[in-house]
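First up is the structure itself, then whatever we jot down about it.
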Amino acid sequence: MEDITLREGLDGLTPARIATLYRRAPLLRPTGDRAAIERMFETSSLVVSAWLGDRLVGLARVLTDGEQFSFLCDLAVEPDVQGGGIGKKLMAEVLARCAGTELVLRDSNLSGGFYERLGFTRIENGWMKRL
Ligand SMILES: CC(C)(COP(=O)(O)OP(=O)(O)OC[C@H]1O[C@@H](n2cnc3c(N)ncnc32)[C@H](O)[C@@H]1OP(=O)(O)O)[C@@H](O)C(=O)NCCC(=O)NCCS
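This is the structure in structure tokens:
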């Protein structure tokens, strides 16, 4: 898709804009809790956003130690522009910035094919505990 620009950091992002994108994508996140969204973004290692002019159309958010491990926390694209290459463009930036580490993520049931397309391998040896 033409005219998509990427920004790194929190430039232009507000909790309200982020929550709207999450709701529409959809991506299950605490969209009613402005303070939670602020904390999630302020403590992230890497935030990359995609813009169509002044319109926020995509977001990727990562925690990384810069050496060994990176975790893709969120990836979301506005539904009306999904399938236009924005997710791939956001991920290209994430992959470049996390080079040298092992990038892991939790997918939604619908998005597995996207990561497979990008060369990710499904892993079975993961564990989680909700705290
Ligand atoms: C998953 C998501 C981020 C993909 O972003 P996108 O901008 O629609 O994807 P792109 O257009 O960049 O697609 C890149 C490639 O992956 C393929 N692809 C995209 N979504 C796919 C899917 N669900 N299954 C299989 N392939 C998919 C595209 O066909 C494209 O292939 P190509 O390189 O051969 O053209 C987006 O659909 C989304 O926000 N979904 C809802 C939220 C979500 O599920 N987020 C991920 C949670 S981990």
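The sequence shown begins at 246 in my numbering and counts up by one. All C-beta atoms in this analysis are idealised placements derived from N, C-alpha and C, irrespective of residue type, glycine included.
Secondary structure of residue i, DSSP reduced to three states
i      : result
Ile249 : strand
Ala270 : coil
Leu335 : helix
Asp325 : helix
Leu340 : helix
Glu361 : helix
Sequence-distant residues of its chain with Cβ nearer than 8 Å to residue i (five each side left out)
i      : result
Ile368 : Val349
Pro324 : Arg269 and Ala270
Ser289 : Arg306, Val307, Leu308 and Cys318
Tyr360 : Leu350 and Asp352
Ala344 : none
Gly277 : Ala264
Thr346 : Thr309, Asp310, Gly311, Glu312, Gln313, Phe314 and Ser315
Residue range of the unbroken beta strand (DSSP E) whose run includes residue i
i      : result
Glu347 : Glu347 to Leu350
6 Å Cβ shell around residue i - same chain, five flanking residues per side excluded
i      : result
Pro275 : Ala281
Arg252 : Ser294
Own chain residues within Cβ distance below 7 Å of residue i, not counting five before or after
i      : result
Ile331 : Met246, Ile249, Ala295, Val302, Gly303 and Val322
Gly254 : Val292
Pro260 : Arg279, Ile282 and Glu283
Shell residues, 5 Å Cβ cut-off relative to heavy atoms of ligand 2: Summarising the ligand content, the structure contains ligand 1 and does not contain ligand 2.
Continuous beta strand (DSSP E) assignments of at least 3 residues falling wholly in the region 274 to 318: 291 to 297 and 300 to 309
Stretch-stretch touch, CB-based, cutoff 8 Å, three pairs: the region 277 to 284 with the region 308 to 317: Segment contact: the region 277 to 284 against the region 308 to 317, fewer than three CB-CB distances shorter than 8 Å; contact not assigned.
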